[in-house]
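Novice: Handing you this structure, nothing more for now.
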Amino acid sequence: MTVGIVGLGLIGGSFAKAYGEHGEHKVLAYDIDENAMNSAYDMNIIDGKLDSSTIADCDLLLIALYPQATVNYLATMAPHIDSHTMVIDCCGVKEFVCNACFPIAKQYGFTFVGGHPMAGRHFSGLEYSTKNMYNGASMVLVPEDLSDTDVIEKAKKLLSPISFGKYTICDAHRHDAMIAFTSQMAHVVSNAYVKSPTAKSHDGFSAGSYKDLTRVAWLNETMWTELFLENRDCLIEELDYFINSLTKYKIAMEENDANTLKALLAEGKKCKEDIDGI
């Protein structure tokens, strides 16, 4: 097949390397950064440039840009996309993107499916992309119609060379509500936690707990600002719940209430056991 990839950062670059690994697929790509394009040619992971004259050749078009840039790109290129092409975005929020992109696809007669590959690395950029980053990972798919099995199965078939471990099918709101908890909250908490003045002198006093909790404090602030604000309702709901829970621990310690503190700790331990095991 012919695969078009927009954006050659960590996400798009890993898709390019994965499809290129199979040899039989043609990979076309576009990145606003000419250095990224030249690097991709040097790495021999793309076969040509994706533009208005070649985009109609694509069986699959993967857009690996920030949310607003994804919408802008699709709106600009939609007149050139063929009806047989399936377009899948790779953004970390889905309501904002899908609400804008479903109507564009319908207007121009091609299929758009929201997507979110649940894999990544600590650093971003093409140089950190890998051909096996998605192996065994989950891929979230958000079709316009959850009952349209033909669209879902076509998406899975087009993505099959990537070796995802599972596919999660849901609507856009469910995706964003879950991602607010599983991903965005972790980044907010980690980023806020490391601001303690004590962090500057942690060396010699920290081990696994500190490293686990601060791993995602180092982030791309431009991208995460956009993601947080576009999903602010879901994220604020999770933050409110978290702040309320933290306040209970704080009050128990302020009041030297060992029984309440022990009960809160036991409750959290039980939640972890019930959800994930020990």
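Here our numbering is used: the first residue of the sequence shown is 259, the next is one more, and so on. Ideal Cβ positions, reconstructed from N, Cα and C, are used throughout, including at glycine.
(1) Under 7 Å between the Cβ atoms of T369 and M397?
(2) Could you tell me the distance, in whole angstroms, from the CA atom of I509 to the CA atom of L523?
(3) DSSP puts K453 in a beta bridge; with which residues?
(4) Below 7 Å CB to CB, which residues in the same chain sit around I269 once its five sequence neighbours on both sides are set aside?
(5) Does the beta-carbon of Q442 have 16 or more other beta-carbons within 10 angstroms, so that it is buried, or is it exposed?
(6) So, are the CB atoms of V329 and D305 less than 7 Å apart?
(7) DSSP has Y425 in a bridge; who is on the other side?
(8) Please report how far the alpha carbon of H495 lies from the alpha carbon of M259, in whole angstroms.
(9) At a Cβ threshold of 7 Å, is E411 touching chain D?
(10) Nearest CA to the CA of G267: which residue from E279, G281, I303 and H280?
(11) For A377, which of helix, strand or coil comes out of DSSP?
(12) What is the DSSP secondary structure of A363, reduced to helix, strand or coil?
(13) Am I right that A438 and L493 are in contact with their C-beta atoms under 8 Å? What's the rounded C-beta distance?
(14) Here's the rule: buried if 16 or more other CB atoms are within 10 angstroms of the residue's CB, otherwise exposed. What is F463?
(15) Let me make sure I understand the geometry here. Which of L404, K506 and W476 has the alpha-carbon closest to that of E525?
(16) Leaving out five residues before and five after H460 in sequence, what residues of the same chain have Cβ atoms less than 7 Å from its Cβ?
(17) With distances taken from CA atoms, which of F273, Y324 and A287 is nearest F486?
(18) What distance in whole Å lies between the Cβ atoms of L332 and I290, which are believed to be in contact at a cut-off of 8 Å?
(19) Quick one: Cα of M295 to Cα of I420, how far?
(20) Which residues in the same chain as A377 place their Cβ atom closer than 6 Å to its Cβ, once the five residues preceding and following it in sequence are excluded?
(21) Is the beta carbon of L400 less than 7 Å from the beta carbon of H433?
(22) By the DSSP assignment, the beta strand (DSSP E) with A287 in it spans what residues?
(23) Cβ of A475 within 7 Å of Cβ of S503?
(24) Does the distance between the C-beta of A276 and the nearest non-hydrogen atom of the ligand FMN fall short of 6 Å?
(25) Which first and last residues belong to the beta strand (DSSP E) in which V261 is found?
(26) Thinking just about the alpha-carbon of each residue, which of K275, F273, E531 and A358 is nearest to the one in E488?
(27) In this structure, what does DSSP give as the bridge partners for D300?
Specialist: With the given structure in hand:
(1) no
(2) For I509 and L523, the distance between alpha carbons rounds to 14 Å.
(3) DSSP lists no partner for K453.
(4) A322, C348 and P375
(5) buried
(6) no
(7) According to DSSP, Y425 bridges with M397.
(8) It is worth fixing the name first, because residue 495 is Glu in this sequence and not His. Cα to Cα, E495 sits roughly 43 Å from M259.
(9) No chain D appears in this structure, which consists of one protein chain only.
(10) The shortest C-alpha separation from G267 is found at I303.
(11) coil
(12) A363 falls in the helix class under three-state DSSP.
(13) 4 Å
(14) exposed
(15) K506
(16) Y468
(17) Selected option, being the one with the closest Cα: Y324.
(18) About 15 Å separates the two Cβ atoms, so there is no contact after all.
(19) 21 Å
(20) M391, Y392 and A395
(21) Rather than Leu, the amino acid found at residue 400 in this sequence is Val. Contact: yes.
(22) K284 to Y288
(23) With a cutoff of 7 Å on beta-carbon distance, A475 and S503 are scored as not near each other.
(24) Looking at this structure, you won't find the ligand FMN or any other ligand, since it has none at all.
(25) T260 to V264
(26) That would be A358, whose Cα lies nearest to the Cα of E488.
(27) Paired residue(s): none; D300 is not in a bridge.
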